[in-house]
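**Q** Start counting the sequence shown at 6; every next residue gets the next number (this note's numbering). Yeah, the Cβ is synthetic: ideal placement off N, Cα and C, and Gly gets one too.
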Amino acid sequence: MLGKTIGGYKIEKFLGHGQFGEVYEASKNGEGFAIKFIRKDFLQKDLEQKVLEREISALKKVSSPYSVKYFEHGDHSENFINYTYIVMELVKGETLRIIFQNSPTPFDEKKAISIVSEILKGLKSIHQAGIIHRDLKPENIKITPDSKIKILDYGLSKIIDYSSITQTGQPIGTFYYMSPEQAKGEKPLHNTSDFYSVGVMLYEALTSQILFYPSNSAEIIYKTINVKPPYPSSINPKISNSTENIILRLLEKEAYKRYKDADEIITELNKKPTKKKILSDSKVNFYPRFIQNDTEVANNYLASNKIDGADFPINLHSTYKKLAKILIANAGSMDFFADPSTNRLTYSSFRKTQGLKALSYAPTGYDPLDVESFSDLGFLKNFVEQVVELQVGNGCSVITAPFFYFDSTNDDWYGVNIKILRESISYVGSKYKQYPISASICTNAELLCRKKEREKIINDFGNCTFDFLQLYIDKICETTVDAQIYNYILTALSIKNFNKTKLIGCRLPPVALGLLTIGFHAITSGLGVLETFDKGVITKEEDMARMPTRFYFPDLLKNIPLTSKSKVQQDILAQEDFLKKSLPDFEFDLKCGCPGCGSNGFSENFQKPRLHFLYCRSTEIKEMNKISNKDRKDYFFERMKKAYAIQLKLIEAGIKLDSPQYLKTWKDILKQF
Numbered sequence: 006m007l008g009k010t011i012g013g014y015k016i017e018k019f020l021g022h023g024q025f026g027e028v029y030e031a032s033k034n035g036e037g038f039a040i041k042f043i044r045k046d047f048l049q050k051d052l053e054q055k056v057l058e059r060e061i062s063a064l065k066k067v068s069s070p071y072s073v074k075y076f077e078h079g080d081h082s083e084n085f086i087n088y089t090y091i092v093m094e095l096v097k098g099e100t101l102r103i104i105f106q107n108s109p110t111p112f113d114e115k116k117a118i119s120i121v122s123e124i125l126k127g128l129k130s131i132h133q134a135g136i137i138h139r140d141l142k143p144e145n146i147k148i149t150p151d152s153k154i155k156i157l158d159y160g161l162s163k164i165i166d167y168s169s170i171t172q173t174g175q176p177i178g179t180f181y182y183m184s185p186e187q188a189k190g191e192k193p194l195h196n197t198s199d200f201y202s203v204g205v206m207l208y209e210a211l212t213s214q215i216l217f218y219p220s221n222s223a224e225i226i227y228k229t230i231n232v233k234p235p236y237p238s239s240i241n242p243k244i245s246n247s248t249e250n251i252i253l254r255l256l257e258k259e260a261y262k263r264y265k266d267a268d269e270i271i272t273e274l275n276k277k278p279t280k281k282k283i284l285s286d287s288k289v290n291f292y293p294r295f296i297q298n299d300t301e302v303a304n305n306y307l308a309s310n311k312i313d314g315a316d317f318p319i320n321l322h323s324t325y326k327k328l329a330k331i332l333i334a335n336a337g338s339m340d341f342f343a344d345p346s347t348n349r350l351t352y353s354s355f356r357k358t359q360g361l362k363a364l365s366y367a368p369t370g371y372d373p374l375d376v377e378s379f380s381d382l383g384f385l386k387n388f389v390e391q392v393v394e395l396q397v398g399n400g401c402s403v404i405t406a407p408f409f410y411f412d413s414t415n416d417d418w419y420g421v422n423i424k425i426l427r428e429s430i431s432y433v434g435s436k437y438k439q440y441p442i443s444a445s446i447c448t449n450a451e452l453l454c455r456k457k458e459r460e461k462i463i464n465d466f467g468n469c470t471f472d473f474l475q476l477y478i479d480k481i482c483e484t485t486v487d488a489q490i491y492n493y494i495l496t497a498l499s500i501k502n503f504n505k506t507k508l509i510g511c512r513l514p515p516v517a518l519g520l521l522t523i524g525f526h527a528i529t530s531g532l533g534v535l536e537t538f539d540k541g542v543i544t545k546e547e548d549m550a551r552m553p554t555r556f557y558f559p560d561l562l563k564n565i566p567l568t569s570k571s572k573v574q575q576d577i578l579a580q581e582d583f584l585k586k587s588l589p590d591f592e593f594d595l596k597c598g599c600p601g602c603g604s605n606g607f608s609e610n611f612q613k614p615r616l617h618f619l620y621c622r623s624t625e626i627k628e629m630n631k632i633s634n635k636d637r638k639d640y641f642f643e644r645m646k647k648a649y650a651i652q653l654k655l656i657e658a659g660i661k662l663d664s665p666q667y668l669k670t671w672k673d674i675l676k677q678f
């Protein structure tokens with residue numbers, strides 16, 4: 006056709022080949038135009054000429070700066086092929102498909118919203134003319150050199166017979182953007198069908214992934230009709246919750262659940278985020294994990310002080326009733342958790358512990374809990390009910406959903422974790438709406454270093470709605486390798502970005518206070534004990550009452566073993582004067598004057614150091630809460646710098662300490678967030 010004059014238009018340049026025709030640049034009277042030639046054998050077979058005329062005439066009535074203008078149409082024959090041609094406004098620029106392909110990363114949210122808002126303005130004018138686009142996709146959106154949006158090919162798909170195109174071997178590229186009602190072949194279509202297509206494009210802009218890609222035509226039709234789309238923030242955690250909710254509403258399977266008009270979507274997309282009041286999230290916390298023989302320590306401290314929260318394992322409540330009573334009495338002013346101890350019920354060793362055997366949901370026979378039991382939905386629901394009701398009955402102010410240790414996301418226990426968490430959320434939401442609920446992740450640190458595993462965990466837990474997330478990770482400690490620390494933090498913060506939960510790092514060493522400077526809500530540990538989580542504590546029962554206590558030196562950010570055979574604590578204290586002379590740039594006091602150290606009637610090697618730990622840790626948390634969020638990291642880095650210098654000097658003086666290199670490792674990782 007090049008060089009020919011058709012209907013008064015000289016064909017100057019071939020522009021492209023679409024699914025149902027070719028497009029050329031043409032000129033007439035010195036003006037440029039675009040002409041689309043549609044093969045008549047691609048038109049609906051029963052489409053009468055007068056109906057075709059009416060449809061195309063309707064397209065000409067659309068007048069909007071956002072939509073390509075149609076001028077006229079006619080018929081043409083070329084090489085024994087009959088065409089209907091449509092003369093349109095010539096638009097320079099690139100299609101949104103090309104822009105997507107040239108963008109290796111997701112669009113900035115502001116940019117994506119700006120583009121989609123302009124598309125919606127164009128759709129509004131098209132819909133007001135009584136036209137449904139039916140084929141909205143990135144290939145039909147053009148962005149001009151001056152960044153204006155133009156919508157192409159609106160309404161044309163109504164006159165096209167797609168079965169004819171398919172028979173000629175032409176690929177159908179529109180299925181990914183087709184609404185569920187289009188996929189079902191429902192008629193008539195409404196504005197909401199186009200809004201679904203907008204949702205797919207916004208999803209793609211913010212994730213760099215086409216929804217349900219890759220799939221063949223049969224698969225994409227099935228998924229469009231039946232499969233819920235993955236949350237976009239599971240792919241790009243930076244997507245705001247409000248924008249994600251808009252996308253999900255646009256992608257609803259039922260048309261009536263979507264937005265009804267373009268203005269409503271534009272308004273929602275461009276709402277300025279309201280300035281949040283300072284919520285409890287800005288406050289950081291320490292939740293001591295109380296165990297056997299902490300009764301007098303808790304009683305002494307809580308007589309005149311408060312704590313942010315506490316974790317007291319549920320299996321200890323019936324045996325250590327006085328401690329349970331003390332904590333329950335304070336539950337109204339703190340976050341009171343009770344580890345449901347469910348993960349220990351999957352090993353036969355639980356039968357060595359009377360408190361575990363006495364739990365209402367513990368297996369009554371000689372077999373531990375097994376995965377197969379939870380395939381029975383009735384069993385699962387009953388298990389959840391008993392776990393929740395026991396915590397409510399024991400005065401907890403936060404409900405912890407049952408959880409189990411898993412080795413990988415292919416582990417059957419992983420699937421049980423997700424199912425049981427969802428059921429717990431449902432049960433608590435229906436019966437105890439006033440209670441916040443906590444999820445838990447209990448696995449190994451190396452698993453989080455594997456991208457596919459990590460992303461599945463983020464996606465699956467992020468798709469659930471809960472208030473707190475406790476992380477029991479084997480093994481986050483002082484000497485954990487940098488990659489494991491990094492991916493532990495990345496996993497936690499990604500889930501937080503997903504569902505805005507409050508993160509609790511469980512059973513962590515003093516250096517993990519740094520997590521409170523980058524978005525963690527709280528950390529937990531015992532009082533000088535239980536500063537790491539190890540899978541071994543699940544499978545092998547320990548007498549925690551006999552666990553050796555450690556003495557906490559806040560200026561060292563380190564717990565020191567405290568036994569009758571160890572003199573390290575005394576050796577450190579003896580070096581204080583030397584250290585102050587050697588390190589004049591740092592202020593510190595190794596000799597403690599806290600009420601715990603000065604208390605009477607408490608054992609020197611057991612109760613006093615635990616009370617000392619509680620006083621010191623509470624003081625640290627109060628100090629951090631005096632500092633603004635943006636300054637907390639620098640404050641803690643200074644503490645790390647001081648701790649490193651002191652530990653190094655102590656080692657030089659012959660004190661037996663491990664290398665303080667871990668402080669630099671943790672600092673380097675914290676800088677990444």
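Expressed to the nearest angstrom, what Euclidean distance is found between the alpha-carbon atoms of F466 and R555?
**A** Here residue 466 is taken as the residue at index 461 of the sequence shown, counted from 1. Here residue 555 is taken as the residue at index 550 of the sequence shown, counted from 1. Roughly 35 Å separates the two Cα atoms.
**Q** With C-beta atoms as the reference, is T522 less than 7 Å away from K638?
**A** The residue labelled residue 522 in the question sits at position 517 within the sequence shown. The residue labelled residue 638 in the question sits at position 633 within the sequence shown. The answer is yes: Cβ separation under 7 Å.
**Q** Given that a residue counts as buried once 16 or more other Cβ atoms are within 10 Å of its Cβ, and exposed if not, what is Q666?
**A** For this step, residue 666 is matched to residue 661 along the sequence shown. Under this definition Q666 is an exposed residue.
**Q** Run through DSSP, which three-state label would V28 get?
**A** Here residue 28 refers to the residue found at position 23 when the sequence shown is read from its first residue. Strand.
**Q** Do I40 and Y90 have their C-beta atoms within less than 7 Å of each other?
**A** Within the sequence shown, residue 40 is the residue found at index 35, counting from 1. Within the sequence shown, residue 90 is the residue found at index 85, counting from 1. It is a contact, given that the beta carbons lie within the stated cut-off.
**Q** Counting only the same chain and skipping the five closest in sequence on each side, list residues whose C-beta sits under 7 Å from that of I543.
**A** Looking up residue 543 in the sequence shown gives position 538. Excluding sequence neighbours, I543 sits near N348, R349, Y352, Y410.
**Q** Taking 8 Å as the threshold, find out whether the segment 639-654 comes into contact with the segment 581-600 through three or more Cβ pairs.
**A** Judged by Cβ distances under 8 Å, the segment 639-654 makes contact with the segment 581-600, as three or more pairs qualify.
**Q** Count the other CB atoms within 10 Å of the CB of G398; is the residue buried (16 or more) or exposed (fewer)?
**A** Translated into the one-based positions of the sequence shown, residue 398 becomes position 393. Burial call: exposed.
**Q** Taking only runs of the alpha helix (DSSP H) that begin and end inside the segment 338-403, which ones reach a length of at least 4 residues, in chain order?
**A** Fully enclosed alpha helix (DSSP H) runs of 4 or longer: 359-362, 382-398.
**Q** According to the Cβ coordinates, are A336 and S402 closer than 7 Å?
**A** Here residue 336 refers to the residue found at position 331 when the sequence shown is read from its first residue. Here residue 402 refers to the residue found at position 397 when the sequence shown is read from its first residue. Going by C-beta atoms, A336 is nearer than 7 Å to S402.
**Q** Say the cut is 6 Å; is the CB of N387 nearer than that to a heavy atom of the ligand GTP?
**A** As for the ligand GTP, it is missing from this structure, which has no ligand bound.
**Q** Which residues mark the beginning and the end of the beta strand (DSSP E) in which E92 is found?
**A** Here residue 92 corresponds to residue number 87 of the sequence shown, with the count starting at 1. Looking at the sequence shown, residue 92 is not Glu but Val. Run containing V92: 86-94, per the beta strand (DSSP E) assignment.
**Q** Could you give the distance in angstroms between the alpha-carbon of N630 and the alpha-carbon of F558?
**A** In the sequence shown, counting from the first residue as 1, residue 630 sits at position 625. In the sequence shown, counting from the first residue as 1, residue 558 sits at position 553. In a straight line, the C-alpha of N630 is about 20 Å away from that of F558.
**Q** Which of helix, strand or coil does DSSP assign to K115?
**A** Locating residue 115 in the sequence shown gives position 110, where the first residue counts as 1. Helix at K115.
**Q** Note down, in chain order, each residue of its chain lying with its Cβ closer than 7 Å to the Cβ of N290, except the 5 sequence neighbours on either side.
**A** Along the sequence shown, read from residue 1 onward, the residue named residue 290 stands at position 285. Cβ neighbours of N290 beyond the five flanking positions: D313, G314, H526, A527, I626.
**Q** Leaving aside the five residues before and after I11 along the sequence, list all residues of the same chain whose C-beta is less than 6 Å from its C-beta, in chain order.
**A** To locate residue 11, count along the sequence shown from 1; it is residue 6. Excluding sequence neighbours, I11 sits near H81.
**Q** Please identify the residue among N320, S245, G601 whose C-alpha is closest to the C-alpha of V392.
**A** Counting from 1 along the sequence shown, the entry for residue 392 is found at position 387. Of the candidates N320, S245, G601, the one whose C-alpha sits nearest the C-alpha of V392 is N320.
**Q** Could you give the residue range of the beta strand (DSSP E) that holds N422?
**A** The sequence position of residue 422 within the sequence shown is 417, counting from 1. No beta strand (DSSP E) holds N422; the alpha helix (DSSP H) holding it covers 417-436.
**Q** Per DSSP, K147 forms a beta bridge with which residues?
**A** Position 142 of the sequence shown holds residue 147. Answer by DSSP bridge pairing, in chain order: T100, K155.
**Q** Below 8 Å on the Cβ atoms is my guess for S245 versus E114; work out the distance and round it to an integer in Å.
**A** Taking the sequence shown and counting its residues from 1, one reaches residue 245 at position 240. Taking the sequence shown and counting its residues from 1, one reaches residue 114 at position 109. Yes, they are in contact, since the Cβ atoms of S245 and E114 sit about 6 Å apart, within 8 Å.
**Q** Given a threshold of 16 other Cβ atoms within 10 Å of its Cβ, counted over all protein chains shown, does A267 qualify as buried or as exposed?
**A** Translated into the one-based positions of the sequence shown, residue 267 becomes position 262. Label assigned to A267: buried.
**Q** Starting from T448, follow the beta strand (DSSP E) in both directions and report where the run begins and ends.
**A** For this step, residue 448 is matched to residue 443 along the sequence shown. Run containing T448: 442-449, per the beta strand (DSSP E) assignment.
**Q** DSSP three-state label for S4, please.
**A** As shown, the chain starts at 6 and ends at 678. That puts residue 4 outside it, with no answer to give.
**Q** Classify S220 as helix, strand or coil using the three-state DSSP reduction.
**A** In the sequence shown, counting from the first residue as 1, residue 220 sits at position 215. Correct three-state label for S220: coil.
**Q** Could you tell me which of P614, L161, I500, I331 sits nearest to F47, measuring between CA atoms?
**A** On the sequence shown, residue 47 is found 42 positions in, with the first residue counted as 1. Of the listed residues, the one whose Cα sits closest to F47 is L161.
**Q** Can you give me the start and stop residues for the beta strand (DSSP E) that S530 sits inside?
**A** Working through the sequence shown from its first residue, we reach residue 530 at position 525. That run of the beta strand (DSSP E) goes 527-530.
**Q** On the three-pair Cβ rule with 8 Å, is the segment 607-619 touching the segment 530-541?
**A** Cβ pair count under 8 Å is three or more, so yes.
**Q** Expressed to the nearest angstrom, what Euclidean distance is found between the alpha-carbon atoms of S202 and V92?
**A** Position 197 of the sequence shown, counted from the start, is the residue given in the question as residue 202. Position 87 of the sequence shown, counted from the start, is the residue given in the question as residue 92. Using only the alpha carbons, I get a separation of about 26 Å.
**Q** Can you give me the C-alpha to C-alpha distance between S68 and K74, rounded to a whole angstrom?
**A** Taking the first residue of the sequence shown as 1, we reach residue 68 at position 63. Taking the first residue of the sequence shown as 1, we reach residue 74 at position 69. Cα to Cα, the separation comes out at about 7 Å.
**Q** Using C-beta distances below 8 Å, list every residue in its chain close to R44, excluding the 5 sequence neighbours before and after it, in chain order.
**A** Reading the sequence shown from its first residue, position 39 is the one you call residue 44. Cβ neighbours of R44 beyond the five flanking positions: F25, G26, I86, N87, Y88.
**Q** If you run the structure through DSSP and keep just helix, strand and coil, what is H22?
**A** Locating residue 22 in the sequence shown gives position 17, counting from the first residue. The answer is strand: DSSP assigns H22 an E or B state.
**Q** What did DSSP end up calling T171 once you bin it into helix, strand or coil?
**A** What you label residue 171 is simply residue 166 of the sequence shown in a count that begins at 1. For T171, the predicted model reports a pLDDT of 41, less than 50, meaning its position is unreliable and no value from the coordinates is stated.
**Q** Look at the alpha carbon of E257 and the alpha carbon of E36, and state the distance between them as a whole number of angstroms.
**A** By 1-based counting over the sequence shown, the position of residue 257 is 252. By 1-based counting over the sequence shown, the position of residue 36 is 31. If you take the alpha carbons of E257 and E36, they lie about 44 Å apart.
**Q** How would you label Q677, buried or exposed, when you count the other beta carbons within 10 angstroms and need 16 or more for buried?
**A** Walking along the sequence shown from the start, residue 677 turns up at place 672. It is exposed - the Cβ of Q677 has fewer than 16 other Cβ atoms within 10 Å.
**Q** Measuring alpha carbon to alpha carbon, tell me which residue in T229, F342, I296, S338 is nearest L328.
**A** Along the sequence shown, read from residue 1 onward, the residue named residue 328 stands at position 323. For L328, the nearest C-alpha among the options comes from I296.
**Q** For N275, does the three-state DSSP call read helix, strand or coil?
**A** Residue 275 sits at position 270 when you count from the first residue of the sequence shown. Coil at N275, not helix or strand.
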